[in-house]
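Taking it in order: structure first as structure tokens, then the write-up.
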């Protein structure tokens, strides 16, 4: 998968921060010590992230997220303590997960 990023202007959006559409792997786990699962980034902003994964996640669940943009510098590498705010079924048995990021840091910190 080739990571990509693109700002999506949404004139009707009421969000305080713009969403940036991008594709790259995202690792997620219930804690820093838990087994990590692989998902695909859909979009992100300064305070949230949407990704696609193969399993439903409970609203209110706490996750540790980590982007893996590889050599593409248009998507930043970061880790975030997050809370699931939405889980919606998607095509091909996948789920769209929306999270609110509560603590963001660079990987390794």
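Residue numbers (the numbering used here): -1 to 107. We put the CB at the ideal spot given by N, CA and C, even for glycine.
Tell me the DSSP secondary structure of residue i in three-state form.
i	result
residue 91	helix
residue 66	coil
residue 59	coil
residue 104	coil
residue 84	strand
residue 78	strand
residue 49	strand
residue 98	strand
Measure the alpha-carbon distance for residue i versus residue j and round it to whole angstroms.
i	j	result
residue 21	residue 97	16 Å
residue 64	residue 36	10 Å
residue 90	residue 50	11 Å
residue 69	residue 58	33 Å
Using the Cβ count rule (16 or more neighbours within 10 Å means buried), how would you classify residue i?
i	result
residue 24	buried
residue 46	buried
residue 17	buried
residue 87	exposed
residue 80	buried
Fully enclosed by the stretch 18 to 47, which beta strand (DSSP E) runs are 3 residues long or longer?
Complete beta strand (DSSP E) runs here, min 3: 18 to 21, 23 to 27, 35 to 42.
Using a Cβ distance threshold of 8 Å, determine whether the stretch 49 to 57 contacts the stretch 67 to 77, with at least three qualifying pairs required.
Judged by Cβ distances under 8 Å, the stretch 49 to 57 makes no contact with the stretch 67 to 77, as fewer than three pairs qualify.
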